[in-house]
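J.: So for the sequence shown, the working numbering puts the first residue at 57; every next one is plus one. All C-beta atoms, glycine included, are put in the ideal place defined by N, C-alpha and C. All values reported here derive from a predicted model rather than from experimental measurement. One structure is given below, represented as structure tokens, and several questions about it will come after.
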Amino acid sequence: MRVRFWGTRGSIAKAGPTTVRYGGNTSCVEVRADDGTLAVLDCGTGAHGLGQALLAEAPSVDGHLLIGHTHWDHIQGMPFFAPLFVAGNRWHIYAPRGLGQHLEDTLAGQMQYTYFPVSLQDLGATIHYHELVEETFMVGGIEVTAQYLNHPALTLGYRLRADGATLVYSTDHEPFARDVAQTDLRAPIGAALTPDDRRHCDFLRDADLVIHDSQYLASEYPAKVGWGHSTIEYAIALAIEARARHLVLFHHDPLRDDAAVDTVLSSARHQARQLGSAMAITAAMEGDQIELPALAGREIAR
Ligand SMILES: [Zn+2]
Ligand SMILES: [Zn+2]
57 MRVRFWGTRG SIAKAGPTTV RYGGNTSCVE VRADDGTLAV LDCGTGAHGL
107 GQALLAEAPS VDGHLLIGHT HWDHIQGMPF FAPLFVAGNR WHIYAPRGLG
157 QHLEDTLAGQ MQYTYFPVSL QDLGATIHYH ELVEETFMVG GIEVTAQYLN
207 HPALTLGYRL RADGATLVYS TDHEPFARDV AQTDLRAPIG AALTPDDRRH
257 CDFLRDADLV IHDSQYLASE YPAKVGWGHS TIEYAIALAI EARARHLVLF
307 HHDPLRDDAA VDTVLSSARH QARQLGSAMA ITAAMEGDQI ELPALAGREI
357 AR
């Protein structure tokens with residue numbers, strides 16, 4: 057299984073010289089199984105680059121788009137995702153089942169004529185919509201398990217298994233018990249977990265790669281309570297508790313420039329070592345590729 061980052065940022069695209077290394081595009085991650093199955097995790101503005109790259113490889117491309125939730129930063133690239141415009145392409149789009157509105161209507165909303173000149177119905181590709189609850193299903197050669205996260209919109213995390221490797225994509229998630237968001241990493245988090253947070257920890261269990269919301273620092277969290285995001289400290293402590301092999305810090309705050317991500321990352325690694333953990337920790341960087349499990353979650357090829 058190969059993972060490639062096309063959008064790493066949370067909330068809003070933040071292009072410019074201060075974000076050029078980690079990337080300014082919002083959430084979009086490409087996953088390829090060895091059998092060729094293409095799964096795309098979220099469709100933020102990073103989907104534009106992915107779509108162009110896919111069509112440069114082959115004129116016809118089918119795939120599966122797994123959307124965690126329909127906040128803007130996770131769907132805004134969809135009207136610019138070129139494979140959806142090509143007749144004959146077949147795409148499956150998955151997202152949480154809403155409480156009132158169908159998925160197709162929600163996605164069509166951002167493509168109303170007032171906002172965008174092409175409607176969802178006029179896209180060339182054949183699109184199949186799948187509204188999810190917590191469940192396990194197959195997309196091509198990848199087994200996907202969906203589990204709810206804690207966010208101001210109905211949001212699913214996805215656990216993907218293929219080719220003997222496991223990847224968990226868990227973004228836009230706030231700890232259920234708010235005090236663990238401010239864990240200081242001086243002791244394992246296990247004893248502090250409530251049943252809901254324990255369940256989330258189990259969702260990450262033994263994964264080769266965990267891509268986790270880490271938008272805030274624990275010191276920033278008091279001003280962000282209820283916004284639906286994790287702290288870096290919580291993500292690290294939880295991934296260690298879950299015995300993940302490699303944690304990728306993801307959904308970088310638009311206010312965190314490249315230098316700030318560097319600082320946070322080196323501090324995160326230092327704190328994890330103090331806990332006695334050998335887990336690899338990296339910060340999601342646009343363009344990075346990770347091969348699973350061949351690189352054992354340690355090395356990254358650009
Ligand atoms: Zn988001
Ligand atoms: Zn969100």
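Quick check: the Cα distance between E342 and D314, rounded to an integer number of angstroms?
T.: Taking the straight line from one Cα to the other gives about 12 Å.
J.: Go ahead and label D129 buried or exposed: buried means 16 or more other beta carbons lie within 10 angstroms of its beta carbon, across all protein chains shown.
T.: It counts as buried.
J.: Of the choices Q330, V117, R325 and I346, whose alpha-carbon is the least far from that of A336?
T.: For A336, the nearest C-alpha among the options comes from R325.
J.: R45 to V87, Cα distance in whole Å?
T.: The requested residue 45 is not part of the displayed model; the chain covers only 57 to 358.
J.: For the putative contact between I198 and A89, defined by C-beta atoms under 8 Å, what is the C-beta separation to the nearest angstrom?
T.: Between A89 and I198 the Cβ distance is about 5 Å, and since that is below 8 Å, they are a contact.
J.: Taking the C-alpha atoms as reference points, what is the distance between R354 and V189?
T.: Any answer about R354 is weak, because its pLDDT of 42 lies below 50 and its placement is not dependable; what the coordinates show is given next. For R354 and V189, the distance between alpha carbons rounds to 33 Å.
J.: Put G246 into one of helix, strand or coil per three-state DSSP.
T.: Note: G246 maps to helix in three-state DSSP.
J.: May I ask you to report which of helix, strand or coil DSSP gives G92?
T.: In this structure, G92 counts as coil in the three-state DSSP scheme.
J.: Any heavy atom of ligand 2 inside 8 Å of the beta-carbon of D129?
T.: Under cutoff, so the answer is yes.
J.: Could you pull the start and end residues of the beta strand (DSSP E) that L205 belongs to?
T.: Per DSSP, L205 belongs to no beta strand (DSSP E) and is neither H nor E.
J.: Counting Cβ pairs closer than 8 Å, one from the region 252 to 268 and one from the region 293 to 305, do we hit at least three?
T.: Enough Cβ pairs lie closer than 8 Å, so yes.
J.: Whole-angstrom Cβ separation of E297 and P244, contact assumed at under 8 Å?
T.: Yes, they are in contact, since the Cβ atoms of E297 and P244 sit about 6 Å apart, within 8 Å.
J.: Please classify G80 as buried or exposed, where buried requires at least 16 other C-beta atoms within 10 Å of its C-beta.
T.: By the neighbour-count rule (16 or more Cβ atoms within 10 Å), G80 is buried.
J.: For D180, I'd like the list of residues in its chain whose CB is within less than 8 Å of its CB, leaving aside the five on either flank, ordered along the chain.
T.: Strictly speaking, residue 180 in this sequence is Gly, with Asp absent from that position. Around G180: L140, F141, V142, A143, G144 and N145.
J.: Can you find at least 3 beta carbon pairs, one from the region 120 to 129 and one from the region 201 to 215, that sit closer than 8 Å?
T.: Yes, the region 120 to 129 touches the region 201 to 215.
J.: Can you tell which of T162, V174 and E230 has the C-alpha that lies nearest to the C-alpha of N206?
T.: Looking at the Cα atoms, E230 is the closest of the given residues.
J.: Cα separation between H184 and I292?
T.: Straight-line Cα distance between these residues: approximately 36 Å.
J.: Using alpha carbons as the reference points, say which of H308, A103 and W147 lies closest to S116.
T.: Closest by alpha carbon: W147.
J.: If you measure between the beta carbons of C99 and I131, is that distance less than 9 Å?
T.: Yes, they are a contact pair.
J.: Between D309 and ligand 1, is there a pair consisting of the residue's CB and a ligand heavy atom that are separated by less than 8 Å?
T.: Answer for D309: no, Cβ out of range of ligand 1.
J.: Just the Cα atoms here: how many angstroms apart are L111 and F137?
T.: Looking at the two C-alpha atoms, the distance is approximately 10 Å.
J.: Mind reading off the beta-carbon distance from V281 to R234? Whole number of angstroms is fine, and I expect it under 8 Å.
T.: Contact holds; Cβ gap of about 6 Å.
J.: Would the beta-carbon of G282 be found less than 8 Å away from any heavy atom of ligand 2?
T.: No.
J.: Roughly how many whole angstroms lie between the Cα atoms of D309 and Y272?
T.: Computed Cα separation, rounded: 7 Å.
J.: Determine the direct distance from the alpha carbon of Q108 to that of A295, and round the result to whole angstroms.
T.: Going from the Cα of A295 to the Cα of Q108 covers about 33 Å.
J.: Would you list the residues sitting across from G213 in a DSSP beta bridge?
T.: Q203, per the DSSP bridge assignment.
J.: If you drop the 5 nearest sequence neighbours on each side, which residues of the same chain put their C-beta closer than 8 Å to that of L321?
T.: If we look at L321 and ignore the five residues flanking it on each side, its Cβ neighbours are L305, I337, T338 and A339.
J.: Is F136 helix, strand or coil by DSSP?
T.: Looking at F136 - three-state DSSP - the assignment turns out to be helix.
J.: Please determine, among E347, H256 and H158, the residue with the shortest C-alpha to C-alpha distance to H186.
T.: Selected option, being the one with the closest Cα: H158.
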